[in-house]
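The structure appears right after this line, and notes come after that.
There are 2 protein chains.
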Amino acid sequence: MKITALIMAGGRGERFWPKSRKNMPKQFLSLTDDGKTMIQLTVERISSVVDMEDIYIATNKDYKELVRSQLPGIPEKNILCEPVGRNTAPCIGLGAVHMAKKYDDAIMLVLPSDHLIKFNKMFLSVLKDSCDVAEKDRNLVTIGITPTYAETGYGYIKFDSHVMEGRAYKVDRFVEKPSLEVAKEYLETEEYLWNSGMFVWKLSSILYNLERFMPETFAGLKRIQASIGTPEEEDVLRKEFAQFQSQSIDYGIMEKAENIYTVPGTFGWDDVGSWLAVERIRKSNEMGNVVSGNIITVGTHNCIIQGEKKLIATVGLEDLVIVDTEDATLICAKDSTADIKKVLENLKICNRDEYI
Amino acid sequence: MKITALIMAGGRGERFWPKSRKNMPKQFLSLTDDGKTMIQLTVERISSVVDMEDIYIATNKDYKELVRSQLPGIPEKNILCEPVGRNTAPCIGLGAVHMAKKYDDAIMLVLPSDHLIKFNKMFLSVLKDSCDVAEKDRNLVTIGITPTYAETGYGYIKFDSHVMEGRAYKVDRFVEKPSLEVAKEYLETEEYLWNSGMFVWKLSSILYNLERFMPETFAGLKRIQASIGTPEEEDVLRKEFAQFQSQSIDYGIMEKAENIYTVPGTFGWDDVGSWLAVERIRKSNEMGNVVSGNIITVGTHNCIIQGEKKLIATVGLEDLVIVDTEDATLICAKDSTADIKKVLENLKICNRDEYI
Chain P
1 MKITALIMAG GRGERFWPKS RKNMPKQFLS LTDDGKTMIQ LTVERISSVV DMEDIYIATN
61 KDYKELVRSQ LPGIPEKNIL CEPVGRNTAP CIGLGAVHMA KKYDDAIMLV LPSDHLIKFN
121 KMFLSVLKDS CDVAEKDRNL VTIGITPTYA ETGYGYIKFD SHVMEGRAYK VDRFVEKPSL
181 EVAKEYLETE EYLWNSGMFV WKLSSILYNL ERFMPETFAG LKRIQASIGT PEEEDVLRKE
241 FAQFQSQSID YGIMEKAENI YTVPGTFGWD DVGSWLAVER IRKSNEMGNV VSGNIITVGT
301 HNCIIQGEKK LIATVGLEDL VIVDTEDATL ICAKDSTADI KKVLENLKIC NRDEYI
Chain G
357 MKITALIMAG GRGERFWPKS RKNMPKQFLS LTDDGKTMIQ LTVERISSVV DMEDIYIATN
417 KDYKELVRSQ LPGIPEKNIL CEPVGRNTAP CIGLGAVHMA KKYDDAIMLV LPSDHLIKFN
477 KMFLSVLKDS CDVAEKDRNL VTIGITPTYA ETGYGYIKFD SHVMEGRAYK VDRFVEKPSL
537 EVAKEYLETE EYLWNSGMFV WKLSSILYNL ERFMPETFAG LKRIQASIGT PEEEDVLRKE
597 FAQFQSQSID YGIMEKAENI YTVPGTFGWD DVGSWLAVER IRKSNEMGNV VSGNIITVGT
657 HNCIIQGEKK LIATVGLEDL VIVDTEDATL ICAKDSTADI KKVLENLKIC NRDEYI
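Chains P and G, in that order, give the protein sequences. If you read the first sequence in our numbering, its first letter stands for residue 1, the second for the next number, and so on. If you read the second sequence in our numbering, its first letter stands for residue 357, the second for the next number, and so on.
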């Protein structure tokens, strides 16, 4: 069966400030040694199984030019601009109706644009297993990540290790971000996976479930679909999106539908959730520093230092994140990266939009 | 008796990098809240007791323009440029022969250009006491600083608390930078002062002692004096300085001469020896930070942050020195400021002169 992909690239992350800005979110940044941006890597990763003309990018009009310039191989009509953000269910629905206009039915991969995967071959093998399961019946497959520690920042998937379909396990339920104690229990039971937000299903399966569990959204999506290619397309899209309920695909569909399966992935997944991820995904030197730019370190250990042309000299530092850009420099203790958002709050309060 | 002053401004300190550079040493920087540079403050401090035309600045030709622009009130002929650095004895001798060309005799104050003094009135009172002692016989007066802790980075003056001349004590001997243990003993005896490098004497007294203890230098200085105002002045200066032995006034004169007195000063002296001094001389905010520039701090305590236009955001930091300039940024742990010189060594090795 034909495989299509929807890459979700509408996020406006603040956690990579000052590199990430309102007009340059994380998915368009290069954080790896190879110089490619997150969204370029996402497309490259699936390029052997999905044709370029079958890859759709869901974003918003502010980022359309970024998508176009970073992904010149993607047809412009495949760049779907949501008029307003309505969370993942309407976004995925929009992708699905576009694809269904083109193909009677097809496999649809849904992928975030700002995660990293270390072992691409293993990832493709998990995708293949997922496609096999998704082709049957109206199965909805979510790719789970085998947890390596008791993370409290992710949602979890409880699966039933006794009920398999191919390489997939039947999903019992989705659970929200747990406390540390609960996360530790999850890890011990070996029956919980991290919810990665990557999905595999047929167009017919997801549309069936949208109609069933989100009928109003589905009706709107059908009106959008009917307008594709007509002069009214933009108006209809704007009108319908304005009325959509903001809903995640997890709440809207996955927690309610039957036939939910998960394929566990151990392909070196990283959601690149903060500057600390840079240490995992890039090579550190013999002092434990991950360094780029014009840097001199003296007695400096386990620091992440991202500079540009300007000289940055560090003396006697430990466990810091230092990020220099043309107009702003961040210096942050590694254990305080969650507080970078307070800098942004401060900037917003002071109307210093040029830095946001 | 007429009072003249020689301000020594030839230093090329590295400890205020990246603000201080080879072409912008510490004495020309503004490190206080009032925006005045160290050398401007030095001149201002004595302006009520020394006429502008009697203030001489000893520096080198690289800094002549800086002196001229920062001290427009000083006559240009009073800016004495040493052709090569030969330590303080030849420098002071050069000042003395210039002054002796103008006055038969006068009091000569010798002052560093890069120290700070908090209580100017007390300082002037100590100067007056010193002048009173210096006017008598051939007394040489050094201003000692009452130590407040066991500093190992300064030389000390051992005085005889039983032999006084006016407000001055007779000096027993000068001692070099002590170990911590020895410095603690010095502090306990209450008979040691810090050697501040500030001197008061008559021109006739210092010239007499130069002739006695450094006869070759003295002879050269006399030849320089004879050439002042002649077309040969620059040539003679260059030739004589090249032959002078490099010698500090402490070794060359003070440790050998008789009639050495010291007036203890408790006028809030600070040699501004490193970035840490900024914390002592500028106001810190309620978080213990001393901040200037375009700065946002989140969870940041006891840091010194000197920025310019560029935004610097700090998150979760403690006890750091952050200094941003147009082309270089320093981030240094407070307990590692002594290692800033290693950054400069690295820059020298790599021939990156633009940053030095």
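Don't be surprised by glycine CBs; every beta carbon is placed ideally from N, CA and C.
Status (buried if at least 16 other CB within 10 Å, exposed otherwise) for residue i
i	result
residue 350/P	exposed
residue 95/P	buried
residue 144/P	buried
residue 598/G	exposed
residue 61/P	exposed
residue 554/G	buried
residue 442/G	buried
residue 429/G	exposed
residue 601/G	exposed
residue 149/P	exposed
residue 202/P	buried
residue 438/G	buried
Close Cβ partners of residue i (< 7 Å) along its chain, the five nearest in sequence each way excluded
i	result
residue 256/P	213
residue 79/P	57, 59, 64, 67 and 68
residue 169/P	159, 160, 161, 163, 261 and 262
residue 282/P	32, 33 and 290
residue 191/P	158, 159 and 161
residue 386/G	392 and 393
residue 362/P	Past the boundaries of the shown model lies residue 362/P; chain P is included only from 1 to 356, so the question cannot be answered.
residue 284/P	290
residue 240/P	220, 223 and 224
Cutoff 8 Å: residue i Cβ touching any chain G Cβ
i	result
residue 19/P	no
residue 145/P	no
residue 187/P	no
residue 166/P	no
residue 356/P	no
residue 133/P	no
residue 343/P	yes
Close beta carbons around residue i, own chain, < 6 Å, minus the five adjacent residues each side
i	result
residue 683/G	none
residue 206/P	96
residue 291/P	305
residue 643/G	657
residue 112/P	8 and 197
8 Å Cβ cutoff, residue i in contact with chain P
i	result
residue 483/G	no
residue 668/G	yes
residue 385/G	no
residue 707/G	no
residue 672/G	yes
residue 660/G	no
residue 702/G	yes
residue 453/G	no
residue 680/G	yes
residue 556/G	no
residue 538/G	no
residue 619/G	no
Contacts around residue i, its chain only, beta-carbon distance under 8 Å, and the 5 residues preceding and following it disregarded
i	result
residue 165/P	133, 136, 139 and 261
residue 511/G	530, 531, 532, 533, 550, 551 and 606
residue 152/P	177, 178, 179, 180 and 183
residue 404/G	480
residue 336/P	none
residue 654/G	669, 670, 671 and 672
Completely contained alpha helix (DSSP H) runs for the stretch 524–591 of chain G, where each covers 4 or more residues: 536–545, 559–569 and 571–583
message: Ignoring anything shorter than 4 residues, give me the alpha helix (DSSP H) runs that lie fully in the stretch 59–144 of chain P, in order along the chain.
response: 64–70, 88–102 and 120–135
field: Residues of the stretch 683–697 of chain G whose Cβ lies closer than 8 Å to any Cβ of chain P, in chain order
entry: 683, 684, 685, 686, 687, 688, 689, 691, 692, 693, 695 and 696
query: What are the complete alpha helix (DSSP H) segments, minimum 4 residues, inside the stretch 606–684 of chain G?
result: 633–637
task: For the stretch 630–655 of chain G, enumerate the residues whose C-beta is nearer than 7 Å to any C-beta of chain P, in chain order.
output: 652, 654 and 655
- prompt: When you check each C-beta in the stretch 430–450 of chain G against every C-beta of chain P, which residues fall closer than 8 Å?
  reply: none
- request: Determine which residues of the stretch 587–602 of chain G have a Cβ less than 8 Å from any Cβ of chain P, and write them out in chain order.
  value: none
message: Restricting to runs no shorter than 4 residues, where is the alpha helix (DSSP H) found entirely within the stretch 16–49 of chain P?
response: 38–46
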